[in-house]
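Protein chains in written order, with numbering that gives the first Met the number 0: chain A, 0 to 301; chain B, 0 to 450; chain C, 0 to 300.
Note that CB positions come from ideal geometry on N, CA and C, so glycine has one too.
Notes follow once the structure below has been shown.
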Amino acid sequence: MAIELSILQTVANGLITGSIYFLAAVGLTLQYQLMKFPNLSHAEFFAIGAFITYFFADVIRIGFGPGLALSMLLTGALAAVIYLTVFRSLISRGASLLHLIIASAGLGVLLRYLMWEIAGRKSYFFTQQFTPFDLGPVRLTTLWLAMIIAAVAAVVSIILFLNMTRLGKALRGLASNPVLARLSGIRSGTFIVFVWMLAGMMAALGGTLRAADTRIIPELGVEVLIPMFAVSILGGIGSVSGAFTAAYILGLAESFGVVALSRLGLSTEYKALIAFAALVATIIVLPTGLSSVISRERVRRD
Amino acid sequence: MSVDKKEDIRISRRKAISSAAAAGAIVGVGVVAGLGGYLAGTSTGGRVETVTQRETVTVGGQTVTVGGQTVTVTNVQTQTVTASQLPREVKIGVVLPLSGELGPIGSKMLNGAKLAEKLVNSWDGISGSKVTLVAEDSLALPDRALEAVKKLVEVDGVQVIAGPATSVEVLTVADYLIQRKVPLISMSATAAAVSKVGGQYIFRVVPSDAIQTRALADLIRSQGIRRLATFVVSNDYGIGIEEGVKAQLGNIVAISIRYDPAKGDYREELSRIRDANVDAILWATWVESGIVAMKQASDLGLTNIRSFGGEGMRDTAFFADAKAAEYLLQTNMIGTSPSAPSETLSSKQFLQDYKQEFNEDPGLFADTTYDATMLAVTAIARAGTYEGAKIAAQIRPAAYHYVGPSGHKLMDQAGDAVLANYEIWRVAKTGDEYKLETIGSWDTAAGLKLG
Amino acid sequence: MTNIDLFILDGLITAGYFAILALSLNIEYGYSGLIDFGKAAFFALGAYTSAILTTTGYPAVIAVLMAMAVAGLGGLAISIPAIRVRSDYLAIITLVFAETIRVILKNESWIAGGVLGIRGIPPMIDLRGISYEAHLAGQAFFVLILFTIFAIVGWLLTNSPFGRILRAIREDELASSVYGKYNTAAKAVVFGVASAMAGAAGSFYSQYVGFVSPDLFILAITLQIWIMSILGGPATILGGLAGAVLVTSINRGTRILKDYLNLPLDANNLMFILTGALLVLVVTFKPTGILKEGRIRSVRR
Chain A
0 MAIELSILQT VANGLITGSI YFLAAVGLTL QYQLMKFPNL SHAEFFAIGA
50 FITYFFADVI RIGFGPGLAL SMLLTGALAA VIYLTVFRSL ISRGASLLHL
100 IIASAGLGVL LRYLMWEIAG RKSYFFTQQF TPFDLGPVRL TTLWLAMIIA
150 AVAAVVSIIL FLNMTRLGKA LRGLASNPVL ARLSGIRSGT FIVFVWMLAG
200 MMAALGGTLR AADTRIIPEL GVEVLIPMFA VSILGGIGSV SGAFTAAYIL
250 GLAESFGVVA LSRLGLSTEY KALIAFAALV ATIIVLPTGL SSVISRERVR
300 RD
Chain B
0 MSVDKKEDIR ISRRKAISSA AAAGAIVGVG VVAGLGGYLA GTSTGGRVET
50 VTQRETVTVG GQTVTVGGQT VTVTNVQTQT VTASQLPREV KIGVVLPLSG
100 ELGPIGSKML NGAKLAEKLV NSWDGISGSK VTLVAEDSLA LPDRALEAVK
150 KLVEVDGVQV IAGPATSVEV LTVADYLIQR KVPLISMSAT AAAVSKVGGQ
200 YIFRVVPSDA IQTRALADLI RSQGIRRLAT FVVSNDYGIG IEEGVKAQLG
250 NIVAISIRYD PAKGDYREEL SRIRDANVDA ILWATWVESG IVAMKQASDL
300 GLTNIRSFGG EGMRDTAFFA DAKAAEYLLQ TNMIGTSPSA PSETLSSKQF
350 LQDYKQEFNE DPGLFADTTY DATMLAVTAI ARAGTYEGAK IAAQIRPAAY
400 HYVGPSGHKL MDQAGDAVLA NYEIWRVAKT GDEYKLETIG SWDTAAGLKL
450 G
Chain C
0 MTNIDLFILD GLITAGYFAI LALSLNIEYG YSGLIDFGKA AFFALGAYTS
50 AILTTTGYPA VIAVLMAMAV AGLGGLAISI PAIRVRSDYL AIITLVFAET
100 IRVILKNESW IAGGVLGIRG IPPMIDLRGI SYEAHLAGQA FFVLILFTIF
150 AIVGWLLTNS PFGRILRAIR EDELASSVYG KYNTAAKAVV FGVASAMAGA
200 AGSFYSQYVG FVSPDLFILA ITLQIWIMSI LGGPATILGG LAGAVLVTSI
250 NRGTRILKDY LNLPLDANNL MFILTGALLV LVVTFKPTGI LKEGRIRSVR
300 R
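Okay, structure coming up:
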């Protein structure tokens, strides 16, 4: 009996972790498909979003919720600015794939150490408190529940947006077949900016919630760098529903992985390897990701 | 990259520009290096200036009567007194993590050294020579520590170093410093392995964890704990405590978790501990990740257990978050710490001086950093000359009677602080304020004494 | 007394070993177009193998050969799954491989000291008995000779007919496979050779600094090697050397300069910020690096 109950807690923990992974990855996966390169600096917006929320919520004191909303807007804007200043000029100069990856890595380092410089000497915690409660045999807090709700809300609204609105449909067209999209008159520039903004907003949301659960630190994004990529690739680059599924698969795998590791007496640091293994397995076995299996969508990868 | 004739011209022009750029880069590097060399070479700290004094002493007079005439014969004697062979500015190197994950802790540790520097200089330095700290950031990474140490020795001419802070770093820089004959005094490296390289040039003002884990084990046993979980940070500090305690307590340890501080969420690990039905958790964490774990433990309802910790947990920085502080109180966190009981005159004075200088309470290892620096100063004074080998020979003698805020620093042959006087501390709350109070002691002779 | 010349020499020696690493990356990326983000792994494998062997009494030659063998085999092993996939996936797989190795080394203390690593590795050229200066001089000649050997090997490799195959693959993978140039086999060979070279660099580096620990093999090290390669010129032999010297100078230079210029920023943060900015700028404005790729010398025109 005790074992079944504890499994429920493990499941809950996996769902909580998965929600964060989804929020971190959803912007990345859309960006990856559109821009055709893995943006290693995306992780930094996780931390940037958390810091901005902290600034408004606890320094200027307008409260956690309003701080979060403001941070989402600002981080989204910042992401768009970064695209316009750095990556757009790189692409127009004909930068190769490697150059884009390296530039994004360099940018990531730059942003992260700027954060260390501005904020680095102290530890930061949100003053907002979250209360724990029991849902049957499972222990949750209002924050953890908020994470799950945020992820679900995000996936629903993004999918609705992509499928129902004209802007969304244009985006999908652009992502899957840029040549045809441009021929039919869709102007790509604005849409690309929009995707970057969306990525920044989602990262700010995920980052703030994650920081509220742990702490606000410049390395916040780097901590989830590999899971973020694992989720994007496992789910199929560019697929929001794929990322959603993959995020929870990974979250649950990590939680159950910890159970297995501690039964085997191994260090639980190895749970990081679960994301690694998922990533490598996907690349080798199913490079188009889950989305090609789930939906009958054919994702062009060139 | 193409072999077209037309491109040949473009390639050769590009080639010319690139070659020029290459030459420019190499020249640029040379200039930077040369500039650094020039700047470093012209610093006054580079030269050793010897101060000598000559005193002319007239010794007495003698009256001699010769044939009715009085002649006074005066003997004049000249004595040369050399006041000091120390340079006018005596440098003490400090290697600490000043940025990165341990940055906040290391920066506060540096304050301990700075306090020592200030006090010594207010007492006219070392025989008139001013004491100057040269601090280098090692980020607690061994290759950075080696680079920092090399820079201190070769660029700044430092002959004694306080630090580094972690055992890995000490082990890494040991060979180089032994070769260069420059001693180091570590303020917080507690791994047992350090004893193997210590005694001649490697010293520490903290006892080896081999002893602390005995104290911890005694404390845990005395509280009637029958099932224990260990939750440690996955590095030399945490793993050292985990293995030491396991060796002492055997199968009282029901579950061991090593967590990755870079990972940030420990819900599942803590759920495992909850399911293992333990009576207590032994924590060995850094502050930030520790606070995160405690918040999550509190949320998970892991509160009907006791908490134990070593000196790494005895830090008011844990109170930065209300939930973590409350958790520590709820679980009756008690632990061991190799400082002298906080009631000694020396530690009270240190606390007062520190608060006056920095306007806040000292953090973890501030007292040991202070002691390491003071010991370096004393050793230099005893040696009378700014030479690493001579200073190294005076460190154990200097420590013999040195009693600082972290206790009596008598050292054994391996350069380890030998008097393992541990205090038993706990987290308490008066009114709205959390604090740390002493409730007992442990030492190698008398064992555990509580209450 | 100060010996800043010794500090500079020590920096140059370190740069020399990293130059060998950067050279191995140039062979993979610059000439063959393979994006390897796992350099640190082969560096680590070589360094640890060599450390374990030399501290248990085996002679240096065996240690180096075994280091190259282990790292080379590791490279071949990872090439099996890795090279068949597209470039960005290759980067990710190699990155993950490096992290896996690091986590395992850190947690399994029975393999090699775990978190504390291994110290007390004897130098292969040991003149410490004479003086520190002599020791440095000996090591400096050693690294110079080593780099020259590897540079020659690299030059021969990339200017041979095999080298032309590699450049063909880099330029247009589809075309070269149509012409039957055994793409996969060629790539595997490159991976194996370059990884063996990285392993050798690891072995030599470990005997110079005298220790190995898991912290030596973090992602940041791989990034540094990439920076050295890109700055110096990825499709050159000497580019790695130029890049390594430049990056090492920045690292150590900021440490020294902070004492003289009242930097408004923390020196360590400044170093990373400079490095990141430099990366972005170089990639934007001078993507082929400082030095330029030489044309293949083996073809008579």
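Buried/exposed call for residue i, threshold 16 Cβ in 10 Å
| i | result |
| --- | --- |
| Arg165 (chain A) | exposed |
| His41 (chain A) | buried |
| Glu170 (chain C) | exposed |
| Gly59 (chain B) | Per-residue confidence for Gly59 (chain B) stands at a pLDDT of 45, beneath the threshold of 50, marking its modelled position as unreliable; the derived number appears in the next sentence. Exposed is the call here. |
| Ala444 (chain B) | exposed |
| Pro263 (chain C) | exposed |
| Ala14 (chain C) | buried |
| Phe132 (chain A) | exposed |
| Gln78 (chain B) | Because Gln78 (chain B) sits at a pLDDT of 48, beneath the cut-off of 50, its placement in the model cannot be relied upon, and the point is left open. |
| Ile3 (chain C) | buried |
| Phe245 (chain A) | Checking the sequence shown, residue 245 (chain A) turns out to be Ala, not Phe. Ala245 (chain A) is buried by the Cβ-count criterion. |
| Glu287 (chain B) | buried |
| Gly23 (chain B) | Bear in mind that the predicted position of Gly23 (chain B) carries a pLDDT of just 48, short of 50, making it unreliable; the figure below should be weighed with that in mind. The residue in question, Gly23 (chain B), is exposed, as its Cβ has fewer than 16 Cβ neighbours within 10 Å. |
| Val376 (chain B) | buried |
| Ser121 (chain B) | exposed |
| Leu138 (chain B) | buried |
| Val258 (chain A) | buried |
| Asp451 (chain B) | Here chain B has residues from 0 to 450 only, and residue 451 (chain B) is not among them. |
| Pro206 (chain B) | buried |
Beta carbon of residue i nearer than 7 Å to that of residue j
| i | j | result |
| --- | --- | --- |
| Ala234 (chain C) | Ile26 (chain C) | no |
| Ser254 (chain A) | Gly13 (chain A) | yes |
| Ser212 (chain C) | Val167 (chain B) | yes |
| Leu20 (chain C) | Ala197 (chain C) | yes |
| Phe190 (chain C) | Lys150 (chain B) | no |
| Ala164 (chain B) | Leu95 (chain B) | yes |
| Gln32 (chain A) | Ala174 (chain A) | yes |
| Leu416 (chain B) | Val193 (chain B) | For the sequence presented, residue 416 (chain B) should be read as Ala rather than Leu. Against a cut-off of 7 Å, the Cβ pair of Val193 (chain B) and Ala416 (chain B) comes out as no contact. |
| Val426 (chain B) | Leu327 (chain B) | yes |
| Asp278 (chain B) | Ser5 (chain A) | no |
| Ile120 (chain C) | Ser205 (chain C) | yes |
| Ala202 (chain A) | Phe45 (chain A) | yes |
Inter-residue CB distance, residue i and residue j (contact presumed, cutoff 8 Å)
| i | j | result |
| --- | --- | --- |
| Tyr269 (chain A) | Leu260 (chain A) | 6 Å |
| Leu139 (chain A) | Ala11 (chain A) | 7 Å |
| Asp35 (chain C) | Thr99 (chain C) | Their Cβ separation, rounded to whole angstroms, is 15 Å, which puts Asp35 (chain C) and Thr99 (chain C) out of contact at 8 Å. |
| Asn267 (chain C) | Asp136 (chain B) | 5 Å |
| Ala397 (chain B) | Arg381 (chain B) | 6 Å |
| Leu249 (chain A) | Tyr20 (chain A) | 6 Å |
Taking a cut of 8 Å between CB atoms, which residues from the region 101–115 of chain A lie near chain C?
Ile101, Ala102, Ala104, Gly105, Leu106, Gly107, Val108, Leu109, Leu110, Arg111, Tyr112, Leu113 and Trp115
For the region 249–280 of chain C, which residues have a CB atom closer than 7 Å to at least one CB atom of chain A, in sequence order?
Leu264, Asp265, Asn268, Phe271, Ile272, Thr274, Gly275, Ala276, Leu278 and Val279
Would you call the region 90–102 of chain A and the region 185–198 of chain A in contact, with 3 or more CB pairs under 8 Å?
no
Counting beta carbon pairs with one atom in the region 264–276 of chain B and one in the region 290–307 of chain B, are three or more of them shorter than 8 Å?
yes
Using a Cβ cut-off of 8 Å, which residues of the region 232–244 of chain B contact any Cβ in chain C, in chain order?
Ser233, Asn234, Asp235 and Ile238
Beta carbons nearer than 9 Å to chain C: which residues of the region 131–165 of chain B have them?
Val133, Glu135, Asp136, Leu138, Ala139, Leu140, Pro141, Asp142, Arg143, Leu145, Glu146, Ala147, Lys149, Lys150, Val152, Glu153, Val154, Asp155 and Gly156
Please list the residues of the region 254–277 of chain B that have a C-beta atom closer than 7 Å to any C-beta atom in chain A, keeping them in chain order.
Ile254, Ile256, Arg257, Tyr258, Asp259, Ala261, Lys262, Gly263, Asp264, Arg266, Glu267, Glu268, Ser270, Arg271 and Asp274
Under 7 Å, CB to CB, which of the residues in the region 3–14 of chain A have a partner in chain B?
Ser5, Gln8, Thr9 and Asn12
Short of 7 Å Cβ to Cβ, which residues in the region 206–234 of chain C face chain B?
Val208, Gly209, Phe210, Ser212, Asp214 and Leu215
For the pair the region 315–323 of chain B and the region 120–130 of chain A, tell me if three or more CB-CB distances fall below 8 Å.
yes
Using 8 Å as the cut-off, can you tell me whether the region 248–267 of chain B makes contact with the region 216–234 of chain A, which would need three or more C-beta pairs spanning the two stretches below that distance?
yes
When you compare the region 221–231 of chain C with the region 45–53 of chain C, are there three or more beta-carbon pairs, one atom per stretch, that lie closer than 8 Å?
no
Across the region 366–373 of chain B and the region 398–414 of chain B, are there enough close Cβ pairs to call them in contact, namely three or more that are closer than 8 Å?
yes
Touching by the beta-carbon criterion (3+ pairs, under 8 Å), the region 341–359 of chain B and the region 86–94 of chain B
no
Taking a cut of 7 Å between CB atoms, which residues from the region 273–306 of chain B lie near chain A?
Asp274, Val286, Glu287, Ile290, Val291, Asp298, Leu299 and Gly300
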